[in-house]
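One structure is given here, and the rest of the page talks about it.
Protein chains in written order, with the working numbering: chain A, 573 to 711; chain B, 573 to 711.
Structure, rendered in structure tokens:
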């Protein structure tokens, strides 16, 4: 439940005269995939996210185009630019995210280790901060 | 092991002012995902495929762009145009495929129920036809 667990995942790929084939299998898949989704046709200047998933780990991959993520945990913030279709970003549970700067052609693929449950999405930032304080009480 | 088992899979999606979110989860995922890959930057006029997977089921999704597939089993042939990011194509094991007509911006996402094993890919058409005859002997 810390941004310290976020990490880039370099994806196996082969480039040749037939184009590029990028693959995830076996150990490269960071968790059992229970859901996958992709965001596309996102309008220019639009932001997505502004929430955290209580129990879901995610791996985000810009399979086309590019976008940016601002991410937070209880104490730190980080910005990631996703612009390489051969590199994914792993985010742990309870990462608050803001997604923005979608290029028009962007397809943002997201792998998840749970199915979607709207009751497990925190959309209020103060509620998020309260939950994070409860999970990591000051000592 | 028959094209009769091939089928389109309509994917759940939501369109709103934030763009489109297309998802697969639970029963919509046609099998446990052991591997996923995507083909991109495929040159104009180039063909891919020309093989069959002995033990691998696949679901192909044109998450960007469009392409076409000619598919064969022992006795029949079919052509599929994949141009809708909200619809995937399920193909059973031992489907011989030819992929072509890739639009420049195409990203072809493929979900598989096995990891990749080059020994389980049939690349010789006569070998393919022999294997299919053995699997379905004339009565």
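Cβ coordinates follow ideal geometry from the N, Cα and C atoms, glycine included.
In this structure, the CA atom of residue 604 of chain A is about 11 Å from the CA atom of residue 628 of chain A. Look at the stretch 614 to 625 of chain B: the residues with a C-beta under 7 Å from a C-beta of chain A are 614, 615, 618, 620. Using a Cβ-Cβ cut-off of 8 Å, residue 660 of chain B does not count as an interface residue toward chain A, since no Cβ of chain A sits closer than that to its own. A straight line joining the alpha-carbon of residue 672 of chain B with that of residue 671 of chain A spans about 34 Å. In the DSSP assignment, residue 619 of chain B falls outside any alpha helix (DSSP H) and carries neither an H nor an E. In the DSSP assignment, residue 700 of chain B falls within the alpha helix (DSSP H) that extends over 697 to 707.
Residue 698 of chain A sits exposed, since fewer than 16 C-beta atoms from the chains shown fall within 10 Å of its C-beta. Per DSSP, reduced to three states, the secondary structure at residue 593 of chain B is strand. Check the Cα spacing between residue 597 of chain B and each of A:645, A:596, A:598, A:606: the tightest is with A:606. For residue 662 of chain A, the enclosing beta strand (DSSP E) stretches over residues 659 to 663. Short of 6 Å from the beta carbon of residue 652 of chain B, and not among the five residues preceding or following it, lie these beta carbons of its own chain, in chain order: 641, 661. A direct Cα-Cα distance of roughly 38 Å separates residue 693 of chain A from residue 587 of chain A. One finds 606, 607, 687, 688 in chain B with Cβ atoms closer than 7 Å to the Cβ of residue 597 of chain A, taken in chain order.
Taking the beta carbon of residue 677 of chain A as reference, the chain B residues within 9 Å of it are 636, 677, listed in sequence order. Close partners of residue 610 of chain A in chain B (Cβ separation under 7 Å): 594, 635. Using a 10 angstroms sphere on the CB of residue 690 of chain B, the tally of other CB atoms stays under 16, which defines it as exposed. Annotation: Cβ neighbours of residue 657 of chain A in chain B (cutoff 7 Å, chain order): 612. According to DSSP, residue pairing for residue 667 of chain B in a beta bridge does not occur. For residue 634 of chain A, the enclosing beta strand (DSSP E) starts and ends at 630 to 636.
Contact annotation: residue 636 of chain A and residue 669 of chain A have beta-carbon atoms that are not nearer than 8 Å.
Bridge partners of residue 611 of chain A according to DSSP: A:680, B:593. Around the beta carbon of residue 575 of chain A, 16 or more other beta carbons sit within 10 angstroms, so the residue counts as buried. Residue pairing of residue 603 of chain A in beta bridges, as defined by DSSP: absent, with no partner found. Straight-line measurement puts the Cα of residue 622 of chain A at about 13 Å from the Cα of residue 590 of chain B.
For residue 652 of chain A, the uninterrupted beta strand (DSSP E) segment begins and ends at 649 to 654.
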